[in-house]
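Heads up, the thing below is written out as structure tokens.
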Amino acid sequence: MTETLTDPRVVRAIELAWREAALLDAKEYETWQGLYAEDARYVIPIERDAEDFDDVLNMVNDDARMRGLRVRRMTEGYAIAAVDSAITVRTVSRFIPTDVDDRSVTLKAAQIIVAYKRGRHDLWAADVDYVVRLGASAGEDRFARKVVRLVNADEAVPAAGFLL
Amino acid sequence: MTEFTAATVYDLPPADLVLGDRVAGRMYTDPAIFDQEMTKIFERAWIWVAHESELPKAGSFKSTHVGRHPVIVTKDRKGEIRTLVNRCRHRGASLCEKKTGHANGFTCPYHAWSYGLDGKLRGIPYPDGYEGVMDKADLGLKTLRTESYGGMIFATLNAEAEPLADFLGDVKLWIDRFMAQGGGYPVKVLGTHRFTYRGNWKIQLENTTDGYHFPIVHRSWMASVDAETAEMMSFMTDPTAVTHDLGNGHSVMQMVPEHSDLDADDGSEPLQPRFDGLVARLEAAGADEAEIRRLVRAVHGTGFNLNLFPNVSMSISFFRVLRPISVDETVIEHVALGSDGPAEIVGPVNRERLRAHEHFQGPFGFGTPDDSEGWDRVQRGAQGAPELPIMVNRGLGREKPSAEGWPTSHVTDETGMRAAYAQWKRMMSDD
Numbered sequence: 015m016t017e018t019l020t021d022p023r024v025v026r027a028i029e030l031a032w033r034e035a036a037l038l039d040a041k042e043y044e045t046w047q048g049l050y051a052e053d054a055r056y057v058i059p060i061e062r063d064a065e066d067f068d069d070v071l072n073m074v075n076d077d078a079r080m081r082g083l084r085v086r087r088m089t090e091g092y093a094i095a096a097v098d099s100a101i102t103v104r105t106v107s108r109f110i111p112t113d114v115d116d117r118s119v120t121l122k123a124a125q126i127i128v129a130y131k132r133g134r135h136d137l138w139a140a141d142v143d144y145v146v147r148l149g150a151s152a153g154e155d156r157f158a159r160k161v162v163r164l165v166n167a168d169e170a171v172p173a174a175g176f177l178l
Numbered sequence: 126m127t128e129f130t131a132a133t134v135y136d137l138p139p140a141d142l143v144l145g146d147r148v149a150g151r152m153y154t155d156p157a158i159f160d161q162e163m164t165k166i167f168e169r170a171w172i173w174v175a176h177e178s179e180l181p182k183a184g185s186f187k188s189t190h191v192g193r194h195p196v197i198v199t200k201d202r203k204g205e206i207r208t209l210v211n212r213c214r215h216r217g218a219s220l221c222e223k224k225t226g227h228a229n230g231f232t233c234p235y236h237a238w239s240y241g242l243d244g245k246l247r248g249i250p251y252p253d254g255y256e257g258v259m260d261k262a263d264l265g266l267k268t269l270r271t272e273s274y275g276g277m278i279f280a281t282l283n284a285e286a287e288p289l290a291d292f293l294g295d296v297k298l299w300i301d302r303f304m305a306q307g308g309g310y311p312v313k314v315l316g317t318h319r320f321t322y323r324g325n326w327k328i329q330l331e332n333t334t335d336g337y338h339f340p341i342v343h344r345s346w347m348a349s350v351d352a353e354t355a356e357m358m359s360f361m362t363d364p365t366a367v368t369h370d371l372g373n374g375h376s377v378m379q380m381v382p383e384h385s386d387l388d389a390d391d392g393s394e395p396l397q398p399r400f401d402g403l404v405a406r407l408e409a410a411g412a413d414e415a416e417i418r419r420l421v422r423a424v425h426g427t428g429f430n431l432n433l434f435p436n437v438s439m440s441i442s443f444f445r446v447l448r449p450i451s452v453d454e455t456v457i458e459h460v461a462l463g464s465d466g467p468a469e470i471v472g473p474v475n476r477e478r479l480r481a482h483e484h485f486q487g488p489f490g491f492g493t494p495d496d497s498e499g500w501d502r503v504q505r506g507a508q509g510a511p512e513l514p515i516m517v518n519r520g521l522g523r524e525k526p527s528a529e530g531w532p533t534s535h536v537t538d539e540t541g542m543r544a545a546y547a548q549w550k551r552m553m554s555d556d
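Protein chains in written order, with the working numbering: chain A, 15 to 178; chain B, 126 to 556.
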């Protein structure tokens with residue numbers, strides 16, 4: 015493997031993933047949406063090894079339109095699950111860059127979210143695949159793809175009032 | 126009729142906690158009642174276990190539960206569907222931990238006792254130790270009575286249960302109508318969402334026949350769909366949108382009455398422009414106008430929720446299955462449905478149906494998390510002031526028999542809940 019974590023392009027992709035984690039924990043969904051390219055996909059599949067998501071059922075399979083609707087739902091104040099959603103703290107780590115060039119970085123990572131609500135902690139563990147499209151500067155880097163593969167993707171998970 | 130008070134509510138037998146127009150909150154919170162429900166309802170009634178499309182060929186299996194019992198539903202070599210308790214007859218290990226799949230039989234991982242798809246004990250390693258001790262013929266897997274109607278497969282632990290067809294009664298007509306959403310093809314399971322909530326199973330049972338909550342809890346979903354879809358679901362003020370009590374705890378809630386029977390189409394209803402792309406794809410695949418119309422009109426499913434006591438709802442375009450875990454924890458499955466036909470025809474239709482399902486259902490849908498929050502809140506609130514009843518009296522004053530003789534009220538009324546609780550009371554009173 016020639017890709018390394020210290021490659022400046024990889025560092026930028028990791029920083030984007032960490033920026034996203036902070037925005038999601040802060041529930042700053044409007045800003046979060048801006049981290050995605052217009053043609054990006056944000057997917058939480060049910061089948062952990064799925065690669066083609068359109069002909070199978072997913073938990074989330076969002077294009078730009080659905081991301082926009084989702085952000086509206088999370089912020090407009092009418093969704094009782096979102097209004098009273100859990101406090102989350104997430105860690106994104108164990109990064110493995112798999113494909114790096116000057117235009118994009120493909121990255122695998124582990125994500126652990128602890129969600130606290132009404133006296134109970136729920137644990138969400140997942141492998142995450144990112145494709146980051148590099149812009150002219152770090153501020154213009156955007157996700158082209160994010161796939162969250164929960165360890166219990168095909169089992170019962172709590173109904174969530176937040177995004178992964 | 127015994128009234129419950131703060132002084133008596135914890136002493137009354139469970140059946141006295143259902144008063145027709147109200148029930149006691151203790152029904153959601155008392156672990157002893159939960160244990161009785163498992164014995165008297167979930168281990169006596171017909172419990173939905175699978176749809177026939179989940180068992181497409183000999184050797185197909187699905188693992189699930191009937192009450193507290195883990196079971197495997199199999200299609201054996203002769204094509205017969207069987208429900209087997211997922212427990213080795215030797216020392217009790219579970220035989221199968223996969224949700225679905227295909228197998229020639231089941232072998233216990235502990236001592237390799239092996240069983241056929243029909244549950245018969247086929248082989249025991251080193252059998253000499255059992256000579257003169259036991260007969261293999263007596264040690265097949267415990268098998269549940271299994272019957273089906275319209276592709277819906279049910280099992281029961283009750284050898285004395287009435288035939289499934291009798292238990293379903295007038296529901297059968299509505300199952301036939303529900304399956305019309307295949308658009309001329311058989312209905313097929315496309316995938317299953319699973320999620321948990323921290324509340325009693327009856328809170329979800331009520332919700333499947335609760336039209337009253339829809340515009341309040343699902344306001345954010347209503348805001349996210351196109352105007353035509355929102356209009357189609359605006360049943361709150363439609364006097365033709367009704368709920369029927371179909372007997373035996375079952376009910377049907379007709380939200381979109383004009384889509385109750387998808388086969389009854391006079392051609393006057395225009396197809397929604399949002400499906401223009403789908404229509405074009407179906408035309409390109411060679412479907413004729415009548416077939417396109419059948420498939421597109423059925424994309425949203427039927428216009429009703431058919432609520433079968435105690436564990437499955439056939440809800441517009443999907444199955445909603447509940448599994449009680451404990452008095453205050455329940456697992457729900459939302460089973461997405463589509464058509465089973467040639468890929469060039471049903472592919473685009475099913476893709477449309479999958480996206481619509483993802484939009485509302487599942488742990489990250491635009492509807493389910495809000496429902497779930499409501500159910501959590503009922504469970505938390507019901508701990509307070511036990512003398513105050515849970516009210517299920519909405520529409521009691523306007524409930525009348527339909528032409529078929531079904532007690533009927535407006536779709537926002539609680540006729541379906543009263544039907545379910547009357548059945549609950551009957552079953553919990555039966556010793």
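Glycine included, C-beta positions come from ideal geometry on N, C-alpha and C.
Cβ of B/Val296 within 8 Å of Cβ of B/Leu371?
Looking up residue 296 of chain B in the second sequence gives position 171. Looking up residue 371 of chain B in the second sequence gives position 246. Yes, these two residues count as a Cβ contact at 8 Å.
Determine, using beta carbons only, whether A/Gly175 comes closer than 8 Å to chain B.
Working through the first sequence from its first residue, we reach residue 175 of chain A at position 161. Yes, contact with chain B.
Please report the straight-line C-alpha distance between B/Arg302 and B/Thr354, rounded to a whole angstrom.
Stepping through the second sequence from its first residue, residue 302 of chain B is reached at position 177. Stepping through the second sequence from its first residue, residue 354 of chain B is reached at position 229. As the crow flies, the alpha-carbon of B/Arg302 is around 21 Å from that of B/Thr354.
Just to make sure I have the definition right: I need the residues of chain A whose C-beta is within less than 9 Å of the C-beta of B/Phe491. Which are they?
One-based indexing of the second sequence puts residue 491 of chain B at position 366. Near B/Phe491 (Cβ distances below 9 Å), the residues of chain A are Leu83, Arg84, Arg87, Ala93.
In three-state terms, what does DSSP make of A/Gly91?
Numbered from 1 along the first sequence, position 77 holds the residue referred to as residue 91 of chain A. Reduced to three states, the DSSP call for A/Gly91 is coil.
For A/Asn72, which residues does DSSP report across the bridge?
Within the first sequence, numbered from 1, the residue matching residue 72 of chain A stands at position 58. In DSSP, A/Asn72 forms a bridge with A/Pro59.
Report yes or no: is there a C-beta of chain B within less than 8 Å of the C-beta of A/Glu169?
Here the question's residue 169 of chain A lines up with position 155 in the first sequence. For A/Glu169, the nearest CB of chain B lies under 8 Å from its own CB, placing it at the interface with that chain.
CA-CA distance, B/Arg505 and B/Thr133?
In the second sequence, the residue the question calls residue 505 of chain B occupies position 380. In the second sequence, the residue the question calls residue 133 of chain B occupies position 8. Approximately 21 Å between the Cα atoms of the pair.
Counting only beta-carbon atoms, is B/Gly487 nearer than 8 Å to chain A?
Taking the second sequence and counting its residues from 1, the one referred to as residue 487 of chain B is at position 362. Yes - at least one Cβ of chain A is within 8 Å of the one on B/Gly487.
Starting from the C-beta of B/Lys245, find all residues in its chain whose C-beta is less than 7 Å away, skip the five residues before and the five after it, and write them out in chain order.
Working through the second sequence from its first residue, we reach residue 245 of chain B at position 120. The answer, listed in chain order, is Gly265.
Could you tell me the distance, in whole angstroms, from the CA atom of A/Ala54 to the CA atom of B/Asn475?
For this step, residue 54 of chain A is matched to residue 40 along the first sequence. For this step, residue 475 of chain B is matched to residue 350 along the second sequence. For A/Ala54 and B/Asn475, the distance between alpha carbons rounds to 23 Å.
CB of B/Gln306 within 8 Å of CB of B/Ser442, strictly:
The residue given as residue 306 of chain B occupies position 181 in the second sequence. The residue given as residue 442 of chain B occupies position 317 in the second sequence. Taking 8 Å as the Cβ cut-off, B/Gln306 and B/Ser442 qualify as a contacting pair.
Going by DSSP, what residues sit across from A/Lys131 in a beta bridge?
As a first step, residue 131 of chain A is located in the first sequence; it is residue number 117 there, counting from the start. Looking at the DSSP assignment, A/Lys131 forms a beta bridge with A/Arg134.
I'd like to know whether the C-beta atoms of B/Thr281 and B/Ile206 end up nearer to each other than 8 Å.
For this step, residue 281 of chain B is matched to residue 156 along the second sequence. For this step, residue 206 of chain B is matched to residue 81 along the second sequence. The answer is no: Cβ separation not under 8 Å.
Neighbour list for A/Asp39 in chain B, Cβ cutoff strictly below 8 Å
Start at 1 with the first residue of the first sequence, and residue 39 of chain A comes out as number 25. The premise fails here: A/Asp39 is roughly 17 Å from chain B at the closest Cβ pair, so nothing lies under 8 Å.
On a Cα-Cα basis, can you pick out the residue from A/Leu177, A/Tyr92, A/Gln125 that is closest to B/Met347?
Counting from 1 along the second sequence, the entry for residue 347 of chain B is found at position 222. Checking every option, the nearest Cα to that of B/Met347 belongs to A/Tyr92.
Can you give me the C-alpha to C-alpha distance between A/Thr20 and A/Val146, rounded to a whole angstrom?
The count along the first sequence starts at 1 and reaches residue 20 of chain A at position 6. The count along the first sequence starts at 1 and reaches residue 146 of chain A at position 132. Each residue's alpha carbon lies about 16 Å from the other.
At least one CB of chain B closer than 8 Å to the CB of A/Leu137: is that the case?
Taking the first residue of the first sequence as 1, we reach residue 137 of chain A at position 123. A/Leu137 is outside the set of residues whose beta carbon lies under 8 Å from a beta carbon in chain B.
Under 8 Å: do the region 376 to 385 of chain B and the region 529 to 546 of chain B share three or more Cβ pairs, one atom per stretch?
yes
Could you spell out the range, first to last residue, of the alpha helix (DSSP H) harbouring B/Ser393?
Taking the first residue of the second sequence as position 1, residue 393 of chain B is located at position 268. Careful: B/Ser393 lies outside any alpha helix (DSSP H) and carries neither H nor E.
Bridge partners - B/Glu454, DSSP secondary structure assignment
Taking the second sequence and counting its residues from 1, one reaches residue 454 of chain B at position 329. Listed as beta-bridge partners of B/Glu454 by DSSP are B/Ser451.
In this structure, what does DSSP give as the bridge partners for B/His227?
Locating residue 227 of chain B in the second sequence gives position 102, where the first residue counts as 1. DSSP lists B/Ser185 as partners of B/His227.
Proximity to B/Asp390 [Cα-Cα], best of B/Lys267, B/Gly308, B/Asn432
Taking the second sequence and counting its residues from 1, the one referred to as residue 390 of chain B is at position 265. It is B/Gly308.
Taking the alpha-carbon of A/Val25 as reference, which of A/Pro172, A/Asp155, A/Ala170, A/Arg163 has the nearest alpha-carbon?
Looking up residue 25 of chain A in the first sequence gives position 11. Among A/Pro172, A/Asp155, A/Ala170, A/Arg163, the Cα nearest to that of A/Val25 is on A/Asp155.
Who pairs with B/Trp173 in a beta bridge, going by DSSP?
Indexing the second sequence from 1 puts residue 173 of chain B at position 48. Beta-bridge analysis with DSSP links B/Trp173 to B/Phe279.
Check the Cβ-Cβ distances between A/Val74 and every residue of chain B, and say whether any is below 8 Å.
Residue numbering aside, residue 74 of chain A sits at position 60 when the first sequence is read from its first letter. A/Val74 belongs to the set of residues whose beta carbon lies under 8 Å from a beta carbon in chain B.
Same chain, Cβ closer than 6 Å to B/Arg399, five either side skipped, listed in chain order:
Position 274 of the second sequence holds residue 399 of chain B. Cβ within range, chain order: Asp351.
Supposed close pair A/Phe176, A/Leu49 - CB separation, criterion 8 Å:
The sequence position of residue 176 of chain A within the first sequence is 162, counting from 1. The sequence position of residue 49 of chain A within the first sequence is 35, counting from 1. Contact doesn't hold; Cβ gap of about 16 Å is too wide.
The ligand SAM heavy atoms versus the CB of B/Leu315: any closer than 7 Å?
In the structure on display, the ligand SAM does not appear, and there are no ligands present to speak of.
Compare the C-beta of A/Ile58 against all C-beta atoms of chain B and say whether one is closer than 8 Å.
Here residue 58 of chain A corresponds to residue number 44 of the first sequence, with the count starting at 1. Chain B, which has a Cβ nearer than 8 Å to the Cβ of A/Ile58, makes this yes.
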